[in-house]
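Numbering (my numbering), first residue to last: 5 to 113. Quick reminder that beta carbons are idealized off the backbone N, C-alpha and C, glycines included.
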């Protein structure tokens with residue numbers, strides 16, 4: 005952020021959000037229906053559920069998926085009017101891949 009690298013900041017924020025979503029615990033439809041108000045738990049944090057712990061491989065998979073998604077969308081943006089957007093998406097993918105594979109692999113994209 006201090007370097008004002010917009011592509012890196014955008015990619016990292018979106019990937020952190022994707023990791024946060026991956027840690028969320030799935031909710032059953034039965035849980036959504038709930039029960040009577042008078043039977044609901046009372047107190048701060050009573051209804052909170054512990055988040056899932058992602059393995060290192062799961063984190064890598066999420067980051068790779070985020071990078072692949074950006075590269076896929078960039079490949080679809082073929083019109084000259086979208087060249088800037090496609091370049092920004094490729095730069096974001098390169099930032100993410102640099103964290104996984106090192107700087108030499110990110111240059112391939």
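The C-beta separation of residue 99 from residue 11 comes to about 6 Å, placing the pair in contact by the 8 Å criterion.
One Cα belongs to residue 93, the other to residue 77, and the distance between them is close to 8 Å.
Residue 73: member of the alpha helix (DSSP H) spanning 60 to 80, first to last residue.
Of the candidates 19, 7 and 26, the residue whose Cα lies closest to the Cα of residue 103 is 19. Taking a 10 Å sphere around the C-beta of residue 28, we find fewer than 16 other C-beta atoms and assign the residue as exposed. Cβ-Cβ separation between residue 26 and residue 62: approximately 7 Å, consistent with a contact (criterion under 8 Å). Looking at 81, 71, 87 and 86, the one whose alpha-carbon comes closest to that of residue 14 is 71. Note that the C-beta distance between residue 97 and residue 75 is below 8 Å.
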